[in-house]
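K.L.:
My structure is below; once you've seen it, I'll send some questions.
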Amino acid sequence: MSVEPISLDTLLASVGKEVGVSPWRTVTQRMIDQFADATDDHQFIHCDPERAARETPFGGTIAHGFLSLSLLSAMTFETMPPLENSKMGVNHGFDTLRFLAPVKTGSRIRTRFVLADVKVRPSGWVQTAHDVTIEIEGSKKPALTARWLTLTLIERQPENA
1 MSVEPISLDT LLASVGKEVG VSPWRTVTQR MIDQFADATD DHQFIHCDPE RAARETPFGG
61 TIAHGFLSLS LLSAMTFETM PPLENSKMGV NHGFDTLRFL APVKTGSRIR TRFVLADVKV
121 RPSGWVQTAH DVTIEIEGSK KPALTARWLT LTLIERQPEN A
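Going by UniProt numbering, the first residue of the sequence shown is number 1, and it counts up by one from there.
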């Protein structure tokens, strides 16, 4: 899926608005196991379906909170338009982050993006703050909410004389 770039003026005019909702994405046991291998976090609530069904209130395994958080990057690329003339983008951190409900294996999640703030720096970096909510299909509570900060370096355009 390709999302067309937007101008800086369009971005600035979008502050305070919902700017995107990602497609639904299924969180599978394979994804959870791969994340466990990558992070060395093999707690049974993530990796042992039988034991998790017996010993937890979840009825089976759940995704790592940080796996759900990590999926923000993919959901962003599927949903959010890049800035025109952007050279690169990087994570800048989170002002807030709360894990509110477990993501059970096999659940579908998606992200809602609200543009909270934009700061254009003289250096050519543009800092955005998005209020993100990762929803779980069929759940009243979201998996997480966060204020996510990103930086995008834009190529300066020569001014017309």
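From the three backbone atoms N, C-alpha and C, an ideal C-beta is built for every residue, glycine too.
Helix, strand or coil for S73? Go by DSSP, reduced to three states.
P.N.:
Looking at S73 - three-state DSSP - the assignment turns out to be helix.
K.L.:
Between the stretch 41-49 and the stretch 114-130, do at least 3 Cβ pairs fall closer than 8 Å?
P.N.:
Output reads no: the stretch 114-130 does not touch the stretch 41-49.
K.L.:
Please state if the CB of P81 and the CB of V3 are separated by a distance shorter than 7 Å.
P.N.:
Yes; because the gap between Cβ atoms is below 7 Å, this pair is in contact.
K.L.:
For L12, does the count of other Cβ atoms within 10 angstroms reach 16, so buried, or fall short, so exposed?
P.N.:
L12 should be labelled exposed.
K.L.:
Suppose contacts are defined by Cβ-Cβ distances below 7 Å. Is W125 in contact with L149 by that definition?
P.N.:
It is not a contact, given that the beta carbons lie outside the stated cut-off.
K.L.:
State the start and end residues of the unbroken beta strand (DSSP E) segment that holds P156.
P.N.:
Before going further, note that residue 156 is Arg rather than Pro in the sequence given. Neither: R156 is in no beta strand (DSSP E) and is coded neither H nor E.
K.L.:
Excluding the 5 residues preceding and the 5 following S68 in the sequence, name in chain order all residues of the same chain whose CB lies nearer than 8 Å to its CB.
P.N.:
Hits under 8 Å: V27, F99, V103, I109, I134, A143, L144.
K.L.:
Are the Cβ atoms of Q34 and T105 separated by less than 7 Å?
P.N.:
The answer is no: Cβ separation not under 7 Å.
K.L.:
Could you have a look at H130 and say whether DSSP puts it in helix, strand or coil?
P.N.:
Residue state, collapsed to three classes: strand.
K.L.:
Given this structure, state the Cα-to-Cα distance separating D37 from S7, to the nearest angstrom.
P.N.:
Approximately 40 Å between the Cα atoms of the pair.
K.L.:
Using the Cβ count rule (16 or more neighbours within 10 Å means buried), how would you classify P122?
P.N.:
Classification of P122: exposed, given that the 10 Å Cβ count is below 16.
K.L.:
So is H130 buried or exposed if we call it buried at 16+ other beta carbons inside 10 Å?
P.N.:
Answer is buried; the Cβ neighbour count reaches 16.
K.L.:
Counting only the same chain and skipping the five closest in sequence on each side, list residues whose C-beta sits under 7 Å from that of A101.
P.N.:
Hits under 7 Å: I136, S139, K141, P142, A143.
K.L.:
For a minimum of 4 consecutive residues, which ranges assigned as the alpha helix (DSSP H) are wholly contained in the UniProt domain "MaoC-like" (14-121)?
P.N.:
Complete alpha helix (DSSP H) runs here, min 4: 29-39, 44-47, 49-55, 65-79.
K.L.:
List the residues that DSSP assigns as beta-bridge partners of A146.
P.N.:
DSSP, once it has assigned bridges, lists L97, V132 as partnering A146.
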